[in-house]
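Participant:
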Ligand SMILES: [Mn+2]
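In the numbering used here, the protein residues as written are 1429 to 1718.
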């Protein structure tokens, strides 16, 4: 099947409960619907970068749709930080929203990262050593989930890096705000780049205001980075709510999260088998509510 190699796969960004946008995107990508199953005449399949739930109005519909596609073998999917948190809450006995409960057994069959013959998929960061550490773990295993919730747990750190991104502290005198005007104490790094000697403005993936060009992260803050070489397979991820002006394709990395909740746009990448990703393969769907 195609999905094993990833040659003909359409990778979809964070849906976050935006079912209408997802339907529109699938239609735009050329899928036709029969109930909860969507097929492509060219035998293409789907990949999901996680974060199916929360924020938007229809998380349960999104879960149902992705679950049926996954169970039919028409889609692959990884967990996002929202689903992983849900699983942690349920294992630790915290209250989880009742509408999500029926999906937990299925969610716990999903991996934290996927390596196909041609491409890789992860929610936030393809961090080689963290992924190596997690290779023999399973989300279905209660003991593993419990371990990730312990302080300074190597498994917990590894999961956090790959599903929530790599952040560094911002010097407090800089007072940087994100695209929503919220002052941040930490910034999310362009994890695929060698950032030594770069400024804060060049280093942050989600842009901050004002832009700081004269100062940057110190080398000590960057030791955990493992730059993603151009000889590596293309890697698809979501998570970062990128404003429209920030490029989604950079080297071998493609960020498909353009923030569907605030921009009402859901993104996908139509992968055709090439080693170098191109912006020409990006597809967006927008729902006009007016
Ligand atoms: Mn996320």
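For each residue, glycine too, the CB sits at the ideal point set by N, CA and C. From a predicted model like this one, the values you see are computed outputs, not experimental measurements.
Relative to the C-alpha of residue 1598, which candidate in 1687, 1631, 1608, 1590 has its C-alpha closest?
Facilitator: 1631
Participant: Can you tell me which residues fall inside 5 Å of ligand 1, judged by beta-carbon distance to its nearest heavy atom, and keep chain order?
Facilitator: 1479, 1508, 1509, 1667
Participant: Within this structure, are the beta carbons of residue 1574 and residue 1519 separated by less than 8 Å?
Facilitator: yes
Participant: Buried or exposed: which applies to residue 1686, given that a residue is buried once 16 or more other Cβ atoms fall within 10 Å of its Cβ?
Facilitator: buried
Participant: Span of the beta strand (DSSP E) holding residue 1559?
Facilitator: Where residue 1559 is concerned, there is no enclosing beta strand (DSSP E), although the alpha helix (DSSP H) it sits in stretches over 1556-1562.
Participant: Tell me the rounded alpha-carbon separation between residue 1435 and residue 1699.
Facilitator: 7 Å
Participant: Tell me, please, which residues DSSP counts as bridged to residue 1681.
Facilitator: In the DSSP assignment, residue 1681 is bridged to 1663, 1678.
Participant: If you pair each beta-carbon of the stretch 1503-1515 with each one of the stretch 1541-1560, do three or more pairs fall below 8 Å?
Facilitator: yes
Participant: Between which residues of its own chain and residue 1706 is the CB-CB distance below 7 Å, once the five residues before and five after are set aside?
Facilitator: 1677
Participant: For the putative contact between residue 1626 and residue 1644, defined by C-beta atoms under 8 Å, what is the C-beta separation to the nearest angstrom?
Facilitator: 5 Å
Participant: Closer than 8 Å is the cut-off here; do at least three beta carbon pairs connect the stretch 1456-1467 with the stretch 1525-1536?
Facilitator: no
Participant: Hey, which unbroken runs of the beta strand (DSSP E) at 3 residues or more fall wholly within the stretch 1581-1665?
Facilitator: 1595-1597, 1614-1616, 1663-1665
Participant: Closest to residue 1543 by CA distance: which of 1670, 1671, 1477 is it?
Facilitator: Closest by C-alpha distance to residue 1543, out of 1670, 1671, 1477, is 1477.
Participant: Quick check: the Cα distance between residue 1473 and residue 1710, rounded to an integer number of angstroms?
Facilitator: 16 Å
Participant: Under a Cβ-count criterion, where at least 16 other Cβ atoms within 10 Å of its own Cβ denotes burial, should residue 1696 be classed as buried or exposed?
Facilitator: buried
Participant: If you drop the 5 nearest sequence neighbours on each side, which residues of the same chain put their C-beta closer than 7 Å to that of residue 1718?
Facilitator: Because the pLDDT at residue 1718 is just 40, under 50, the model does not fix this residue reliably, and the value given afterwards should be weighed accordingly. Closer than 7 Å at the Cβ level, and outside the excluded window around residue 1718, lies no residue.
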